[in-house]
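Written out below as C-alpha cells is the structure these notes cover.
Residue numbers (UniProt numbering): 1 to 161.
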C-alpha cells in the first residue's frame, strides 16, 4: 500500500472516531438531567400546590437523593424565615402525598411560605443547625418551592401518577 492510501485510511479512522465521541458524548453521567422541555431536574425535588389557610401543609411530591426532611418556613422579606413546621424523616427516593406537615401557627390568606428540602445528618432528628438545606445542582441555591396561601386555592388533593 502506498503512503497516500495510509493517509486516507488514517483520516477516515480519525473522522469516524471523532464522530463516535461527538454523538455518544463523554459517557459521564450528569448530576442532573434535562427533560424534553429543557427544564433542569435535579436528583432532589419538591412540589407543593397552592395551599388554603390553615395549620398544616400538604406536600404533593418529594424526591430526595438521601434521607431528609421538608421544612416549612414563613416569609421574611421575600426569603425563607422562621421555621413553621417539619416533616418526619423521609427516606431517599420519591414519595407522594405525604402526611400533612403540622405548623406552629395558622397561615393566612395571601401569605407566602416556603417548603425547603434538608438532608438528615444521620441522626434521624431534624436540627436546623446540623441538617443543611439541599442545594440544587445548577446554582447551589437551597432546593425549595414558594407557596402561595389563598382562601381561593383548590384543595391540593391526591396526586395520581
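Beta carbons: idealized from backbone N, C-alpha and C, even for Gly.
Pull up the DSSP beta-bridge partners for residue i, would you.
| i | result |
| --- | --- |
| residue 99 | Residue 99 is not bridged to any residue. |
| residue 69 | 118 |
| residue 44 | Paired residues: none, contrary to the question. |
| residue 144 | 116 |
| residue 94 | 63 |
| residue 135 | 142 |
| residue 83 | 73 |
| residue 2 | Residue 2 is not bridged to any residue. |
| residue 56 | 102 |
| residue 125 | Answer is none; residue 125 lacks a bridge partner. |
Can you check which of these residues, the options, is closest to residue i by C-alpha distance?
| i | options | result |
| --- | --- | --- |
| residue 90 | 136, 63, 16 | 63 |
| residue 72 | 66, 65, 81 | 81 |
| residue 149 | 135, 142, 74 | 74 |
| residue 78 | 4, 147, 151 | 147 |
| residue 92 | 83, 122, 113, 142 | 122 |
| residue 65 | 101, 94, 130, 109 | 94 |
| residue 58 | 129, 136, 87 | 87 |
Report back the beta-carbon spacing between residue i and residue j to the nearest angstrom; my notes put them in contact at under 8 angstroms.
| i | j | result |
| --- | --- | --- |
| residue 68 | residue 117 | 6 angstroms |
| residue 60 | residue 134 | With 8 angstroms as the limit, residue 60 and residue 134 do not qualify as a contact, their Cβ atoms being about 17 angstroms apart. |
| residue 56 | residue 113 | With 8 angstroms as the limit, residue 56 and residue 113 do not qualify as a contact, their Cβ atoms being about 12 angstroms apart. |
What number of angstroms, rounded off, separates the C-alpha of residue i from the C-alpha of residue j?
| i | j | result |
| --- | --- | --- |
| residue 13 | residue 127 | 58 angstroms |
| residue 111 | residue 70 | 19 angstroms |
| residue 153 | residue 115 | 17 angstroms |
| residue 85 | residue 42 | 24 angstroms |
| residue 49 | residue 16 | 50 angstroms |
| residue 140 | residue 54 | 31 angstroms |
| residue 2 | residue 138 | 53 angstroms |
| residue 145 | residue 46 | 7 angstroms |
| residue 124 | residue 107 | 27 angstroms |
| residue 104 | residue 119 | 21 angstroms |
| residue 142 | residue 4 | 60 angstroms |
| residue 109 | residue 51 | 9 angstroms |
| residue 131 | residue 83 | 13 angstroms |
| residue 32 | residue 151 | Unreliable positioning characterises residue 32 in this predicted model, as indicated by a pLDDT of 42, which lies under 50. The coordinate reading is nonetheless provided below. C-alpha separation (whole angstroms): 36 angstroms. |
Please report whether the beta-carbon of residue i lies at a distance below 8 angstroms from any beta-carbon of chain D.
| i | result |
| --- | --- |
| residue 81 | Within the model displayed, chain D is absent; a lone protein chain is all it includes. |
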